[in-house]
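Working notes, beginning with the structure itself.
Number of protein chains: 2
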Amino acid sequence: MKNIPIASVERVAKYIRCLKHLQKKGEEIVSSKKLAEHTQVTPEQVRKDLSYFGKFGKTGTGYNIKKVVKRLSNILKGRKNWNVCIIGAGALGTALSRYQGFKSAGYNIVALFDKDPEKIGKKIGSAEVYDIKKFSDITKKKDIKLAIIAVPAESIEEVEEYIAKSQIKGVLNFVPVTLNFNTKRKIAIIEVDLAQKLYILSYLTKK
Amino acid sequence: MKNIPIASVERVAKYIRCLKHLQKKGEEIVSSKKLAEHTQVTPEQVRKDLSYFGKFGKTGTGYNIKKVVKRLSNILKGRKNWNVCIIGAGALGTALSRYQGFKSAGYNIVALFDKDPEKIGKKIGSAEVYDIKKFSDITKKKDIKLAIIAVPAESIEEVEEYIAKSQIKGVLNFVPVTLNFNTKRKIAIIEVDLAQKLYILSYLTKK
DNA sequence: GCCAATTGTGAAATTTAATTGCAATAGTTT
DNA sequence: AAACTATTGCAATTAAATTTCACAATTGGC
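Below, the structure written as structure tokens:
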């Protein structure tokens with residue numbers, strides 16, 4: 001895999017989600033046209049996006065949903081499920097740890113971290129809250145490579161350090177601060193700025 | 208305003224966030240170079256993005272942070288703050304209603320909606336949970352034009368109907384289902400699919 | 001065997017983004 | 001007040017990314 005447009009990767013994740021939905025409804029075969037309708041893109045776009053990753057369909061017939069879902073999620077997620085931790089056991093962190101969508105996509109929340117002694121030791125959903133000081137140890141022991149950050153903005157620098165020193169490879173950041181890891185190893189970062197989404201939403205409503 | 212690339216709009220929201228941060232630290236003037244460093248883009252990009260919306264800086268000096276923040280957020284958000292509601296008073300909806308970032312960006316959560324009688328009537332943060340049946344009435348009464356959807360996927364169609372019949376103009380959707388309003392009036396939609404983010408994150412870590 | 005449906009994919013077209021170069025301006029120094 | 005430095009705003013250009021188009025090739029149904 002070399003130069004796959006990131007926009008295509010994002011749409012592919014969307015296709016997976018849609019295909020799973022169709023699967024639940026009992027469908028087995030779908031055409032690029034139908035999939036496109038459900039995801040609000042063009043059929044050509046669907047075919048193009050998929051073509052970056054291989055051949056998935058049967059000419060004249062369409063796509064076998066089950067097979068495509070399996071192959072695509074193998075490509076994005078890999079064959080194994082991931083262990084994920086959440087840093088920050090506040091309202092947002094707690095809500096995220098209970099979010100079912102992660103698990104059904106193959107990402108298991110197996111630990112939370114916080115520095116508040118009140119919270120440390122508690123169970124939230126199926127995961128325990130650990131002392132952030134033990135971050136490196138526990139992520140190693142539990143084979144955690146992905147972290148979700150949901151702490152107050154003031155604590156972000158502290159968290160950055162813990163992550164930099166650990167084995168974490170990817171970060172999903174809900175804190176409205178641009179992260180800046182000073183590490184040689186590359187850490188993938190995805191920023192989710194919720195307030196920014198509202199800015200853009202209100203901007204769009206005026207157009 | 209005509210053909211402003213959405214990528215530019217998104218970066219502008221990021222600039223606002225960064226400028227507010229600098230403002231807190233007591234800075235008054237910033238150059239495109241400095242702002243670019245903080246947001247991980249190039250100075251040329253910063254100037255280009257801003258130029259879509261007007262002139263903001265003073266040649267030879269830089270940008271007056273306070274003024275720029277004000278003008279930019281006026282452009283994205285408008286002059287007035289927005290009233291926002293959250294549909295779904297579960298874990299995610301509750302966490303979102305407590306999220307401070309919305310308020311400080313000028314978006315006030317003034318109501319939640321749910322169909323569970325257990326939840327209706329309760330107060331969460333500063334907002335009350337209302338019966339979803341009263342959606343149209345209450346959003347009208349409270350002058351709510353933006354809605355955040357955080358219900359289980361099964362309930363999405365029901366919610367779509369309520370929104371379609373209301374005065375809502377923009378929707379921030381956390382439910383992993385592509386929305387499809389059958390309305391003449393245009394409703395702006397932004398999708399936030401949390402599981403999708405993890406798919407992409409794990410894909411990125413492999414590159 | 002013919003017909004309609006549908007995929008996969010190069011090539012073209014379009015859109016978006018990045019780069020360059022520079023005149024104009026503001027503040028600072030000498 | 002002249003020279004100097006820093007910096008914006010823009011126009012022009014180039015490059016990159018993304019989308020659309022067009023069609024051969026294939027499949028399954030009738």
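Those sequence lines, one after another, are chains C and B. Residue 207, in our numbering, is where the first sequence stops; the numbers in between run on with no holes. Residue 414, in our numbering, is where the second sequence stops; the numbers in between run on with no holes. By construction, the Cβ of each residue, glycine as well, lies at the ideal position given by its N, Cα and C atoms.
For residue i, the three-state DSSP class (helix, strand or coil)
i	result
L179 of chain C	coil
I16 of chain C	helix
A188 of chain C	strand
I86 of chain C	strand
K348 of chain B	helix
Q403 of chain B	helix
S373 of chain B	coil
I213 of chain B	helix
K206 of chain C	helix
M1 of chain C	Caution is warranted here: a pLDDT of 44 is assigned to M1 of chain C, below 50, making its placement in the model unreliable, and the coordinate value is therefore given only provisionally. Coil at M1 of chain C, not helix or strand.
R218 of chain B	helix
Residue i - containing beta strand (DSSP E), residue span
i	result
K352 of chain B	I351 to I356
V171 of chain C	G170 to N173
Residue i, enclosing alpha helix (DSSP H) - first and last residue
i	result
E154 of chain C	No alpha helix (DSSP H) contains E154 of chain C, which DSSP labels as neither H nor E.
Any non-hydrogen atom of the ligand NAP within 7 Å of residue i CB
i	result
F113 of chain C	By its list of ligands, the structure shown contains no ligand whatsoever, and the ligand NAP lies outside what it can speak to.
TODO: With a floor of 3 residues, list each beta strand (DSSP E) that falls wholly inside the stretch 96-139 of chain C, ordered by position along the chain.
DONE: As far as the stretch 96-139 of chain C is concerned, its whole beta strand (DSSP E) runs of at least 3 residues are 107-114 and 127-131.
Open item on the list: Counting only Cβ-Cβ distances shorter than 7 Å, please list the residues of the stretch 34-66 of chain C near chain B, keeping chain order.
Closed with: When CB distances to chain B are screened at a threshold of 7 Å, the residues of the stretch 34-66 of chain C falling below it are H38, T39 and Q40, in chain order.
Task: Minimum length 4: unbroken alpha helix (DSSP H) runs contained in the stretch 223-291 of chain B - done: DSSP runs (the alpha helix (DSSP H)) wholly in the stretch 223-291 of chain B: 239-246, 250-258 and 272-284.
TODO: Check each residue of the stretch 179-203 of chain C: if its Cβ is closer than 8 Å to any Cβ of chain B, include it; give the result in chain order.
DONE: Listed by position along the chain: N180, A188, I190, V192, D193, L194, A195, Q196, K197, L198, Y199, I200, L201, S202 and Y203.
Open item on the list: With three or more beta-carbon pairs closer than 8 Å as the criterion, would you say the stretch 243-254 of chain B touches the stretch 188-197 of chain C?
Closed with: Because the criterion of three Cβ pairs below 8 Å is not met, the stretch 243-254 of chain B and the stretch 188-197 of chain C do not touch.
Open item on the list: Any contact between the stretch 18-37 of chain C and the stretch 60-68 of chain C? By contact I mean 3 or more CB pairs, one from each, below 8 Å.
Closed with: Enough Cβ pairs lie closer than 8 Å, so yes.
Task: Near-chain C residues of the stretch 333-358 of chain B - C-beta to any C-beta below 8 Å - done: Taking 8 Å as the cut-off between beta carbons, the residues of the stretch 333-358 of chain B near chain C are K352 and L353, in sequence order.
Open item on the list: Along the stretch 274-289 of chain B, where does the CB come closer than 7 Å to a CB of chain C? Name the residues.
Closed with: Among the residues of the stretch 274-289 of chain B, those with a Cβ less than 7 Å away from any Cβ of chain C are L283, K284, G285 and W289, in the order of the chain.
- [ ] Would you check if the stretch 217-233 of chain B and the stretch 249-261 of chain B touch, i.e. whether three or more CB-CB distances between them fall below 8 Å?
- [x] The way I'd put it, the stretch 249-261 of chain B does touch the stretch 217-233 of chain B; three or more beta-carbon pairs between them come closer than 8 Å.
TODO: For the stretch 16-29 of chain C, enumerate the residues whose C-beta is nearer than 8 Å to any C-beta of chain B, in chain order.
DONE: Within the stretch 16-29 of chain C, those residues whose Cβ lies closer than 8 Å to any Cβ of chain B are, in chain order, I16, R17, C18 and H21.
Task: Cβ contact (3+ pairs, closer than 8 Å) linking the stretch 315-328 of chain B and the stretch 374-384 of chain B - done: In short, these stretches do not touch, since the Cβ pair count stays below three.
TODO: Answer yes if the stretch 273-283 of chain B comes into contact with the stretch 158-166 of chain C, meaning at least three C-beta pairs across the two stretches below 8 Å, and no otherwise.
DONE: The stretch 158-166 of chain C is not in contact with the stretch 273-283 of chain B.
Open item on the list: Across the stretch 351-358 of chain B and the stretch 326-334 of chain B, are there enough close Cβ pairs to call them in contact, namely three or more that are closer than 8 Å?
Closed with: They do not touch, by the three-pair rule.
TODO: Note down, in chain order, all residues in the stretch 85-96 of chain C with a beta-carbon under 9 Å from any beta-carbon belonging to chain B.
DONE: Answer in chain order: G90, A91, L92, G93, T94, A95 and L96.
TODO: Could you please tell me which residues of the stretch 301-332 of chain B, in chain order, have their CB closer than 8 Å to any CB of chain C?
DONE: Contact residues of the stretch 301-332 of chain B toward chain C are T301, A302, L303, R305, Y306, G308, F309, S311, A312 and Y314 (C-beta to C-beta distance below 8 Å).
Task: Interfacial residues, the stretch 155-173 of chain C to chain B, with Cβ spacing under 8 Å - done: Residues passing the 8 Å Cβ filter: K169, G170, V171 and L172.
Open item on the list: Assess contact between the stretch 284-292 of chain B and the stretch 300-315 of chain B, defined as three or more Cβ pairs (one per stretch) separated by less than 8 Å. Is contact present?
Closed with: Between the stretch 284-292 of chain B and the stretch 300-315 of chain B, the count of Cβ pairs shorter than 8 Å is three or higher; the stretches touch.
TODO: Scan the stretch 1-13 of chain C for residues whose Cβ lies nearer than 7 Å to a Cβ of chain B and list them as they occur along the chain.
DONE: Contact annotation: in the stretch 1-13 of chain C, residues whose CB is within less than 7 Å of a CB in chain B are V9, E10 and A13.
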